[in-house]
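Novice: Got a structure for you, written out below as structure tokens; questions coming shortly.
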Amino acid sequence: KQKTAYELRLSLVGSEMCIRDRPTTVSVEPTSTSNEPTPLPPDFPTPYITQVQVAEQLYENGRMFWVQRVRQIWVVHITGEGRGEWFTYEDTFLDGEPETDPSLVPPEGRIQPERGFGKLWREVPGLRDMLGWAVQPEVGYISRYEYHVTDQLDPQGNRFGYHVLYSLGGEQFRFNENDSTWQLGGA
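Be aware that the sequence shown starts at 4, since it is given in our numbering, and climbs by one per residue.
Below, the structure is given as structure tokens:
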């Protein structure tokens, strides 16, 4: 099942966001009669920054990241130079399941994804055609992770934000909740 941006944010940062989103002062008397939103201080809420274990695999038309803390696979589809679409999926692979499909033979110089990446690649309609074959083996590492809240709201009034992960090669990926896109750099 693909998660919404709000569900994804809650699973990554937990209650920290709720606590930081609460007002710190309450005024009994109105301070303004206009309907304009009150600007937030520049450091409110503060970004959430930590280290996370990830796995990464490059494909002909994108890449996949496995985010261990939330057991999700983030699919990055390239649609332009340094940008594209971002999809999130639960990692449903269980030890003991087939790691590959022997009936799928990759072209010369390409690799069939394995385990969780492979299961997703084989089972989600259209994903294999969208990403193409893997071009290098899956690699695991520790990445800096950041979550930043923005002033954009979803229809339920929840704040959108963006996530930042780094590739094994040090590229900064920004994942935007408001429109399910990614871009290189720009945090």
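C-beta atoms are modelled at their ideal positions from N, C-alpha and C, and glycine is treated no differently.
(1) Would T103 pass as an interface residue toward chain B - the criterion being a Cβ-Cβ separation below 8 Å?
(2) Please identify the residue among H166, G188 and G173 whose C-alpha is closest to the C-alpha of E77.
(3) Are there 16 or more other CB atoms within 10 angstroms of the CB of V219, so buried, or fewer, so exposed?
(4) Under 8 Å by Cβ, that's how I've got G85 and Q155 pegged, so tell me the actual separation to the nearest angstrom.
(5) Could you please give the first and the last residue of the uninterrupted beta strand (DSSP E) stretch that includes E59?
(6) Evaluate Q60 with the Cβ neighbour count: other Cβ atoms within 10 Å of its Cβ, from every protein chain shown; 16 or more gives buried, anything less gives exposed.
(7) Are the Cβ atoms of W136 and P110 separated by less than 8 Å?
(8) Does G119 come out as helix, strand or coil in the three-state DSSP assignment?
(9) Evaluate contact between the region 167-179 and the region 138-154, counting only Cβ atoms and requiring at least three cross-stretch pairs below 8 Å.
(10) Report the residue from T153, P158 and E174 whose alpha carbon sits nearest the alpha carbon of E49.
(11) What's the gap between the Cα of I52 and the Cα of S106?
(12) Which stretch, first to last residue, makes up the alpha helix (DSSP H) that contains D132?
(13) Report all residues from its chain with a CB closer than 6 Å to the CB of Q139; omit the five preceding and five following residues, and keep chain order.
(14) In or out: V142 buried (at least 16 other Cβ within 10 Å) or exposed?
(15) Alpha carbon to alpha carbon, how far is Q56 from I81? Give it in angstroms, no decimals.
(16) What separation, rounded to the nearest whole angstrom, lies between the Cα atoms of S183 and G87?
(17) Let me make sure I understand the geometry here. Which of E93, N64, G83 and W89 has the alpha-carbon closest to that of R72?
(18) If you draw a straight line from the alpha carbon of R177 to that of E100, how long is it in whole angstroms?
Specialist: Straight from the coordinates:
(1) As a matter of chain content, chain B is missing from the structure shown, which is built from one protein chain.
(2) In the sequence as presented, Glu is not what sits at residue 77; that position holds Trp. Closest by alpha carbon: H166.
(3) Not covered by the structure: residue 219. The range shown for the chain is 4 to 190.
(4) Not a contact, Cβ separation roughly 22 Å.
(5) According to the DSSP assignment, E59 belongs to the beta strand (DSSP E) that extends over Y51 to Y62.
(6) Buried: at least 16 other Cβ atoms inside 10 Å.
(7) yes
(8) helix
(9) yes
(10) According to the sequence as given, residue 49 is Thr; it is not Glu. Out of T153, P158 and E174, T153 has the C-alpha closest to the C-alpha of T49.
(11) Each residue's alpha carbon lies about 43 Å from the other.
(12) From DSSP, the alpha helix (DSSP H) with D132 extends over L130 to L134.
(13) L61
(14) exposed
(15) 23 Å
(16) In this structure, the straight-line span from the alpha carbon of S183 to that of G87 is close to 9 Å.
(17) Nearest option by C-alpha distance: E93.
(18) 32 Å
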